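Number of protein chains: 2
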Amino acid sequence: MSSHARSPQSRTPSDDLDQVAELGQQFRVDAIRMSTAAGSGHPTSSLSAAELLAVLAARHLRYDWQHPSNPGNDHLVMSKGHASPLLYAMFKAAGVVSDYELMTTYRRIGSPWEGHPTPALPWVDVATGSLGQGLPDAVGIALAGMHLEKAPYRVWVLCGDSELAEGSMWEALDKAAYFRLRNLTVLVDVNRLGMRGPTELEWDLPAYARRVAAFGCRHLEVDGHDVAAIDAALQEAVDLDQPTVLLAKTRKGHGFTGFEDAEGWHGKVLPPDIAEQAIAELGGPRELSLPRSLPAACPPAPPHPNRPVTLPEYPAGSRIATRTAFGDTLASLGSALPRLVVVDGEVGNSTHADAFAAMHPERYFDVFTAEQQMVATAIGLSVRGFIPFAATFGAFLTRAHDFIRMAAVSRANIRLVGTHAGVEVGPDGASQMALEDLAMMRAVHGSTVLYPSDATSTSYLVQAMAERSGVVYLRATRGAYPVLYEPGEPFPIGGAKLLRSSSHDQVTLIGAGVTTHSCLEAAQLLETEGIVARVIDLYSVKPIDSKTLQDAAEATHGRLVVAEDHHPEGGLGDAVLAALNSTSTTARVEHLAVRVRPGSGSPPELIDEVGLGARHIVAASHRLLGGGS
Amino acid sequence: MSSHARSPQSRTPSDDLDQVAELGQQFRVDAIRMSTAAGSGHPTSSLSAAELLAVLAARHLRYDWQHPSNPGNDHLVMSKGHASPLLYAMFKAAGVVSDYELMTTYRRIGSPWEGHPTPALPWVDVATGSLGQGLPDAVGIALAGMHLEKAPYRVWVLCGDSELAEGSMWEALDKAAYFRLRNLTVLVDVNRLGMRGPTELEWDLPAYARRVAAFGCRHLEVDGHDVAAIDAALQEAVDLDQPTVLLAKTRKGHGFTGFEDAEGWHGKVLPPDIAEQAIAELGGPRELSLPRSLPAACPPAPPHPNRPVTLPEYPAGSRIATRTAFGDTLASLGSALPRLVVVDGEVGNSTHADAFAAMHPERYFDVFTAEQQMVATAIGLSVRGFIPFAATFGAFLTRAHDFIRMAAVSRANIRLVGTHAGVEVGPDGASQMALEDLAMMRAVHGSTVLYPSDATSTSYLVQAMAERSGVVYLRATRGAYPVLYEPGEPFPIGGAKLLRSSSHDQVTLIGAGVTTHSCLEAAQLLETEGIVARVIDLYSVKPIDSKTLQDAAEATHGRLVVAEDHHPEGGLGDAVLAALNSTSTTARVEHLAVRVRPGSGSPPELIDEVGLGARHIVAASHRLLGGGS
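Chains A and B supply the protein sequences, listed in that same order. Going by full-length UniProt numbering, the first sequence opens with residue 1, and the numbers climb by one from there. Going by full-length UniProt numbering, the second sequence opens with residue 1, and the numbers climb by one from there.
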């Protein structure tokens, strides 16, 4: 008998499988009542999985409902987030929400009982609703339990069949097998119908089974409305030494003949009179509660006090790539912060994340070239309170945009690092150049966007990232550039640095990352012409240092040049204009950005070709000063 | 014998397989010479696939090298784009580029011989270099040949093994099988080594084979350095009635003992002296040419002249959702434009793309919930000159961001429609709300971004999209709002509409989509206070009508309110500020946007809660007018 078996003492009421079936019917009734009361929702998608969730909740899920933060609790991820009425019906049976609250606030303004579950509810770990994300996130949670915490909690995921069309699900199953996550059980509600009509594979369970097996996971096939079969399968899954996928054949809308297995009912609610019929057909409301369940005793986390951080130091003037400083710092931080974990997308030797791998291999996970799973793993690690960093080329973070967007809805604390930013990449060409990442990352709710120019500031900011909540992004450069700052210089998030300033500055040059160096060079050139330029290193793109920008605009008569190695939209230029506008500062900004489709070339050639060289900044300054160019 | 078999007459020189092996050696030598001359590149990744490409090019690829636009040409997609030296070595053997040009311009500034191939070269269909995209794009090309053109061309894809970790590859193989693309042959160069080190599956060809089979494609396993075996396998692939994946076991860097099957050599070039040794070991340079090859005769496209377009008409004042107008218009356009094709992500009943499906089922392809493949299919259709539209919820287009970014590098002409924009989605909550899409789409090079407010303008703009090149995006709203414009009103891309204006306007209210209606309502409220407001419907977000914005700013003393149902960064507000800055217009913009993490609620409640209601626009106007709020 596996250590995961139920304790009969604590579960007596549910030992009667008929009662579990009744619980499933109760979930159905409540899902219909809830969605009809709200006037929107997905009752049919809830009804198909009622037995799956009833058996799981009553007989296998070990969860201390009054203490959702109990570290021994199992995790239940509702990957098919649109079946929120089902999940919430289960929460009601768990006694954490009243029937009244659900019937009056589901999907209403201000309610945590949202249309798709989010961690606004303490029993929800990650937001779902964009298909194909719950399972990938769950892989991250299971990875933490299996390989970092060595804790006994299990991770259960309820998926829809439609979402198995998302490639991200196969990245997830592949990694579940690769990391041998035997603590992960995936229940797939194969109800045959998607939103428009039949799914691609309908009820071809053997086809799904072949895919699951080929990706290295175990599979079990059951009738998803047979509580005894589900119960046996879940027990078998727990006993198996591999991640397991339970393929459950179900009928969408099962339990009400009015819409069972019928097309055209996705996301549609029953009008009140029909809902009444359906509830009658289902035997009316019930008031069953989940049996009391106890989480597995979670061993206390071993004492891993944070140690003082010793950051790497770089002598001013030496040439170091910011990606190198990122890797060095990550490795140092890893020694100080035992909960820091790194996720790689098979490019650690280029992002330099592998400097961490060399020192802390047990906290380094390479998911190979699967950027969606890379970000999802970080989200899952965040659920368990780790401090995840995930790094790849900035260009390839676009692959995970939907996951990054949802990380913000999930209140996840993840740190993303995108190296090889901009045309500075050089000969590899456009496919490798992040030219859209600042726009992507700025628009994420609650995000922080950092873009250091040198190794010293990178080191400071990487440390600051570890303490920052939300989605935190650092953009790093491929090439080596001079260290601009002395060790120990602070770089508060939301700040900016004046690299050159005087009481008689005539124009302000604003850069970040590689363009800071162009701005400094331009200021020197301007100086030879007798023009005094202020230079701002805008290392914190979001939040932005509006005060420093405002002061500079006022000091230099509104003459600002912004240079950024990014397409013109959504990046540094837009951020500066928004900051100036918010402070009611009048300025004229010469905005230099990548306005072409770049090709290959050496970094200096490309920077010059796209108009980000010192000479272009000088010419822009001349335009502002009225001297032509 | 299949109709695809070679014609011996045209291929005589290559009937000698020893010569094909020699050609492979030539490719190796040239790949080393080219990358060493450039000082960067991926020789080892090129060498592993030399026989694969030599056999394909010499004996199976039917291509009129002097006429790359010949519609009968086969398509060769280099999914492992970093092996560009190998591809270019083949182009040299095809006689379309001189050795001198490659040795002096590969990866150099201004050269079309970029680090990763792009359609800057007429023999390249799509840009590659972001792993996991070439095969998905190729599925779109093959789909066109198989189901739209019924043309005899074949589509060949050369993939790396690392990229099989990307979920997008499995979306692609799944769809290759689903659409029965027997004209597609995928060659996988299983060289065991990725960038950091060994791949997840290394040389476990049976594991790959199980996955390929489970996803519905045929697989063949060969020694990737055995030209006879490759030749037989490719012939078998052509004869098979299914999409076929050739799993070729290879050795990275094969042919030079100095780096063959060695770690630490990814993306590294040989210094000149070692390159000389390697070339000697490979038997020195050769001057072999590809045999002349003739494309299959492509039947002339049947006469399908465009017919006049009859757009749907909507009476002003009636309430119609813009997504409904999108679907109606798409259906009408489909009758007029025989090359218009629609790709759906299993949400056509909600985006209303299925209005097209009902009328033109033969030009409608549902790839199910696989947004990466949805966009890739559109890119592939664009390669064959079709007019693809792809539609899903705007939020879920973020799933395909990397593909959209690369579509611009590919010079693809694709039209994307994202419905259910913003908090206007209502009770479904944040996961379904596009709040980052404008930032994403604006930052794409050469993109067009449209956001109509009513059915009439939507209809006009959808028609305009069909004629527009590049990546063209239209953002649509879930709910039904009043039709603002009379049928026949033109909406040029790059324009804006003054919905209210006079010679004594005091403040300008700028909206797009749903906020246009808030602005109109606010203007009415302001009017009751004796304040005259100008209202701009900024339906064209990129390009933007700077002149109309400038005129409005000047007319209303720089007082502008911008309201957008999007996060504050990268969207309408940033676009307006950039436009004003570019025209040196001084203005003070009150920027109303979604600055919270929204939950559920009714659309009007949410619009009010996030501060986009008429009362918020009125208050913002008061702030600008100095009257407080």
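We treat Cβ as the ideally placed atom computed from N, Cα and C, and that holds for glycine. Fair warning: this is a prediction, and the values are worked out from it, not measured in the lab.
From which residue to which residue does the alpha helix (DSSP H) around residue 326/B run? To locate residue 326/B, count along the second sequence from 1; it is residue 326. From DSSP, the alpha helix (DSSP H) with residue 326/B extends over 322 to 336.
Of all the options 64/B, 382/B, 315/B, which has the alpha carbon lying nearest to the alpha carbon of residue 488/B? Position 488 of the second sequence, counted from the start, is the residue given in the question as residue 488/B. Nearest of 64/B, 382/B, 315/B to residue 488/B, Cα basis: 315/B.
Paired residues, beta bridge with residue 78/A - DSSP: Indexing the first sequence from 1 puts residue 78/A at position 78. Note: residue 78/A sits in a beta bridge opposite 158/A.
From what residue to what residue does the alpha helix (DSSP H) around residue 35/A run? Indexing the first sequence from 1 puts residue 35/A at position 35. Here the alpha helix (DSSP H) through residue 35/A covers 17 to 38.
Measure the C-alpha to C-alpha separation of residue 335/B and residue 464/B and round it to an integer number of angstroms. Locating residue 335/B in the second sequence gives position 335, where the first residue counts as 1. Locating residue 464/B in the second sequence gives position 464, where the first residue counts as 1. So the alpha carbons of these two residues sit roughly 15 Å apart.
Once you ignore the five residues that flank residue 415/A on each side, which residues in its own chain have a CB closer than 6 Å to its CB? Stepping through the first sequence from its first residue, residue 415/A is reached at position 415. Answer for residue 415/A: 389, 465, 472, listed in chain order.
Pair within 8 Å by beta-carbon distance, residue 603/B and residue 436/B: For the purposes of this step, residue 603/B is taken as the residue at position 603 of the second sequence. For the purposes of this step, residue 436/B is taken as the residue at position 436 of the second sequence. Their beta carbons are not under 8 Å apart, which means residue 603/B does not touch residue 436/B by this criterion.
Using DSSP bridges, identify the partner residues of residue 537/A. On the first sequence, residue 537/A is found 537 positions in, with the first residue counted as 1. In the DSSP output, where bridge partners are listed per residue, residue 537/A has 497/A, 511/A.
For residue 218/B, which residues does DSSP report across the bridge? Residue numbering aside, residue 218/B sits at position 218 when the second sequence is read from its first letter. According to DSSP, residue 218/B bridges with 244/B.
If you follow the alpha helix (DSSP H) that residue 467/A is in, where does it begin and where does it stop? Here the question's residue 467/A lines up with position 467 in the first sequence. Counting along the chain, the alpha helix (DSSP H) containing residue 467/A begins and ends at 455 to 467.
Drop a sphere of 10 angstroms on the beta-carbon of residue 673/A, count the other beta-carbons inside from all chains shown, and report buried for 16 or more, exposed for fewer. In the structure as shown, chain A starts at 1 and stops at 629, and residue 673/A therefore has no counterpart that could be examined.
Supposed close pair residue 367/B, residue 175/B - CB separation, criterion 8 Å: Indexing the second sequence from 1 puts residue 367/B at position 367. Indexing the second sequence from 1 puts residue 175/B at position 175. Right, their Cβ atoms sit about 6 Å apart.
Can you have a look at residue 490/B and say buried or exposed, based on whether 16 or more other CB atoms are within 10 angstroms of its CB? Taking the first residue of the second sequence as 1, we reach residue 490/B at position 490. So residue 490/B ends up on the exposed side.
Consult DSSP for residue 231/B and reduce its assignment to one of helix, strand or coil. The residue labelled residue 231/B in the question sits at position 231 within the second sequence. Looking at residue 231/B - three-state DSSP - the assignment turns out to be helix.
Residues that residue 540/B contacts on chain D, provided the C-beta gap is smaller than 7 Å: Among the chains of the structure shown, chain D does not appear; the protein chains present are A and B.
Under 8 Å between C-beta atoms, does residue 427/B make it to chain A? Along the second sequence, read from residue 1 onward, the residue named residue 427/B stands at position 427. Residue contact check for residue 427/B against chain A: a CB pair falls below 8 Å.
Hey, is residue 586/B's beta-carbon within less than 8 Å of any beta-carbon in chain A? Counting from 1 along the second sequence, the entry for residue 586/B is found at position 586. Under the Cβ distance rule, residue 586/B counts among the residues neighbouring chain A, one pair being separated by less than 8 Å.
Report back the beta-carbon spacing between residue 438/A and residue 572/A to the nearest angstrom; my notes put them in contact at under 8 Å. For the purposes of this step, residue 438/A is identified with residue 438 of the first sequence, where counting begins at 1. For the purposes of this step, residue 572/A is identified with residue 572 of the first sequence, where counting begins at 1. Yes, residue 438/A and residue 572/A are in contact; Cβ-Cβ is about 7 Å, under 8 Å.
With distance defined between alpha-carbon atoms, name the residue in 459/B, 485/B, 37/B nearest to residue 475/B. The sequence position of residue 475/B within the second sequence is 475, counting from 1. Residue 475/B has its Cα closest to that of 459/B, out of 459/B, 485/B, 37/B.
Starting from the beta carbon of residue 402/B, find every residue of chain A whose beta carbon is closer than 9 Å, and list them in chain order. Here residue 402/B refers to the residue found at position 402 when the second sequence is read from its first residue. Simply 371, 395, 396, 397, 398, 399, 400, 401.
DSSP-derived helix/strand/coil call for residue 564/B: In the second sequence, the residue the question calls residue 564/B occupies position 564. Of the three classes helix, strand and coil, the one that applies to residue 564/B here is coil, per DSSP.
I'd like to check one pair, residue 145/A with residue 155/A: are the Cβ atoms closer than 8 Å? Start at 1 with the first residue of the first sequence, and residue 155/A comes out as number 155. Start at 1 with the first residue of the first sequence, and residue 145/A comes out as number 145. Yes, they are a contact pair.
Which term fits residue 618/A, buried or exposed, when burial requires 16 or more other beta carbons within 10 angstroms of its beta carbon? Position 618 of the first sequence, counted from the start, is the residue given in the question as residue 618/A. Counting Cβ neighbours within 10 Å, residue 618/A comes out buried, since at least 16 surround it.
Return helix, strand or coil for residue 629/A, following the three-state DSSP convention. Locating residue 629/A in the first sequence gives position 629, counting from the first residue. Any reading at residue 629/A is ruled out, since the residue's pLDDT is 41, under 50, leaving its predicted position unreliable.
Does the beta-carbon distance from residue 538/B to residue 510/B come in below 8 Å? Indexing the second sequence from 1 puts residue 538/B at position 538. Indexing the second sequence from 1 puts residue 510/B at position 510. Cβ atoms of residue 538/B and residue 510/B: closer than 8 Å.
Check residue 484/A in the structure and name its three-state DSSP category. Counting from one through the first sequence, the residue named residue 484/A turns up at place 484. Coil.
Between 347/B, 570/B, 88/B, 412/B, which has its C-alpha nearest residue 378/B's C-alpha? Against the second sequence, residue 378/B aligns to sequence position 378. Checking every option, the nearest Cα to that of residue 378/B belongs to 412/B.
Are the beta-carbon atoms of residue 592/A and residue 506/A separated by less than 8 Å? Locating residue 592/A in the first sequence gives position 592, counting from the first residue. Locating residue 506/A in the first sequence gives position 506, counting from the first residue. No; because the gap between Cβ atoms is not below 8 Å, this pair is not in contact.
If residue 25/B and residue 282/B are in contact, beta carbons under 8 Å, what's the gap, nearest whole angstrom? On the second sequence, residue 25/B is found 25 positions in, with the first residue counted as 1. On the second sequence, residue 282/B is found 282 positions in, with the first residue counted as 1. About 5 Å separates the two Cβ atoms, so the contact holds.
Given a cut-off of 8 Å, decide if residue 248/A and residue 188/A are closer than it, judged by their beta-carbon atoms. Start at 1 with the first residue of the first sequence, and residue 188/A comes out as number 188. Start at 1 with the first residue of the first sequence, and residue 248/A comes out as number 248. In this structure, residue 248/A lies closer than 8 Å to residue 188/A by Cβ.
Chain B partners of residue 349/A, CB-CB under 9 Å? Within the first sequence, the letter at position 349 stands for residue 349/A. In chain order: 195, 196, 197, 264, 266.
So that I know if they touch, is there some Cβ in chain B lying closer than 8 Å to that of residue 501/A? Within the first sequence, the letter at position 501 stands for residue 501/A. Not closer than 8 Å to any Cβ of chain B, the Cβ of residue 501/A fails to qualify, so no.
For residue 449/A versus residue 594/A, is the C-beta spacing smaller than 8 Å? Looking up residue 449/A in the first sequence gives position 449. Looking up residue 594/A in the first sequence gives position 594. Taking 8 Å as the Cβ cut-off, residue 449/A and residue 594/A do not qualify as a contacting pair.
Cβ shell of residue 586/A (< 7 Å), same chain only, five flanking positions each side left out: As a position in the first sequence, residue 586/A is number 586, starting the count at 1. Contacts found: 558.
Can you list the beta strand (DSSP E) stretches of 3 or more residues lying completely in the region 556 to 617 of chain A, in chain order? 559 to 563, 588 to 592
So, at 8 Å on beta carbons, what are the nonlocal neighbours of residue 589/B in its own chain, with the 5 sequence-adjacent residues on each side left out? In the second sequence, the residue the question calls residue 589/B occupies position 589. If we look at residue 589/B and ignore the five residues flanking it on each side, its Cβ neighbours are 560, 561, 562, 573, 576, 577, 580.
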